[in-house]
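Working notes for the structure below.
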Amino acid sequence: MTSRWIAAQQKLPQANVEDNSNGEDVVGRTPSFRCAEKKVFGCEHYKRNCKLLAACCGKLFTCRFCHDNVSDHSMDRKATSEMMCMNCLTIQPVGPICTTPSCNGLSMAKYYCNICKFFDDERYKF
Numbered sequence: 370m371t372s373r374w375i376a377a378q379q380k381l382p383q384a385n386v387e388d389n390s391n392g393e394d395v396v397g398r399t400p401s402f403r404c405a406e407k408k409v410f411g412c413e414h415y416k417r418n419c420k421l422l423a424a425c426c427g428k429l430f431t432c433r434f435c436h437d438n439v440s441d442h443s444m445d446r447k448a449t450s451e452m453m454c455m456n457c458l459t460i461q462p463v464g465p466i467c468t469t470p471s472c473n474g475l476s477m478a479k480y481y482c483n484i485c486k487f488f489d490d491e492r493y494k495f
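The C-terminal residue of the sequence shown carries number 495 in the working numbering, and the numbering is unbroken.
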């Protein structure tokens with residue numbers, strides 16, 4: 370059982386901090402799973418393949434609700450200018466796809482709004 374666990378861990382991105390241009394560590398540089406068993410990225414609120422770099426505190430969160438649940442302030446997602454692909458852990462400008470060549474244009478979610486910086490694979494259920 371241990372060997373299967375080690376093999377599974379080796380297939381996942383392992384970094385949890387990144388040195389950014391200011392030399393500061395970026396907290397949260399790990400993938401988050403909506404369903405860890407099935408390796409579905411996201412959080413309890415949204416299914417998505419990215420985390421947002423909160424402009425207010427410089428930490429990575431899967432969504433503004435996840436940020437607000439553990440912070441003493443609120444996240445303005447419209448102020449977000451960078452995201453992290455949870456597949457390759459690359460921090461990059463916010464957009465609908467990962468720009469890292471190894472991700473081959475991986476979509477961050479089925480629905481994306483550039484104004485709201487909103488990503489979701491399970492868009493509104495009316």
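Yeah, the Cβ is synthetic: ideal placement off N, Cα and C, and Gly gets one too.
As the structure is a computational prediction, the values presented were derived from the model and not from experiment.
Distance between beta carbons of residue j and residue i, contact taken as under 8 Å
| i | j | result |
| --- | --- | --- |
| Cys-485 | Lys-447 | 6 Å |
| Gln-461 | Met-455 | Incorrect: roughly 12 Å between the Cβ atoms, too far for contact. |
| Asp-490 | Arg-417 | 6 Å |
Beta-carbon gap between residue i and residue j smaller than 7 Å
| i | j | result |
| --- | --- | --- |
| Thr-449 | Ser-401 | no |
| Arg-403 | Val-395 | no |
For residue j and residue i, the rounded distance between their alpha carbons
| i | j | result |
| --- | --- | --- |
| Cys-426 | Pro-470 | 29 Å |
| Val-463 | Lys-428 | 15 Å |
| Ala-478 | Val-439 | 24 Å |
| Arg-398 | Leu-458 | 7 Å |
| Thr-467 | Cys-412 | The identity of residue 467 in the sequence shown is Cys, whereas the question assumes Thr. Answer to the nearest angstrom: the Cα atoms are 19 Å apart. |
| Leu-475 | His-442 | 31 Å |
| Tyr-480 | Phe-488 | 6 Å |
| Met-444 | His-414 | 15 Å |
| Cys-482 | Leu-421 | 13 Å |
Assigned secondary structure, residue i (DSSP; H/G/I helix, E/B strand, else coil)
| i | result |
| --- | --- |
| Ser-471 | helix |
| Gly-392 | Residue confidence is low: Gly-392 scores 30 on pLDDT, short of 50, so the model does not pin down where it sits. No coordinate-derived value is stated. |
| Val-409 | strand |
| Lys-486 | coil |
| Arg-332 | Here the chain comprises residues numbered 370 to 495, so residue 332 is not present and cannot be evaluated. |
| Lys-420 | strand |
| Cys-454 | strand |
Residue i: CB within 6 Å of a non-hydrogen atom of the ligand PLP
| i | result |
| --- | --- |
| Ile-466 | For the structure depicted, the ligand PLP is absent and the ligand set is empty, with no information on it obtainable. |
With 16 other Cβ atoms within 10 Å as the buried cut-off, status of residue i
| i | result |
| --- | --- |
| Ala-405 | exposed |
| Cys-435 | buried |
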